[in-house]
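Engineer:
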Amino acid sequence: MAAGHPASTRRAAPYTPDELRAMFAAGDSVAQVHSRAYRLDRTMTKDRVRAILFAPVTA
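Here the sequence shown is numbered in our numbering, starting from 44 and rising by one per residue.
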């Protein structure tokens, strides 16, 4: 691990749908968003990520 990055700063909780949408809105591809989500939640399929990213958002 790189210096200055203690293990306690690693994320353990899965990303929320809003966080996934924010990554995508910031320019990340579906594959990039999926790989980050999958690292934390092995049940997160690429189809599930697409469903979250492209579903209509209600305010």
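Note that the Cβ used here is the ideal one computed from N, Cα and C, for glycine as well.
Classify alanine 80: buried if its beta carbon has 16 or more other beta carbons within 10 angstroms, exposed otherwise.
Structural biologist: Burial call: buried.
Engineer: On a Cα-Cα basis, can you pick out the residue from Thr86, Arg82 and Arg93 that is closest to arginine 54?
Structural biologist: Nearest option by C-alpha distance: Arg82.
Engineer: For glutamate 62 and aspartate 84, what's the separation of their Cα atoms in angstroms?
Structural biologist: Using only the alpha carbons, I get a separation of about 14 Å.
Engineer: In three-state DSSP terms, what is tyrosine 58?
Structural biologist: Residue state, collapsed to three classes: coil.
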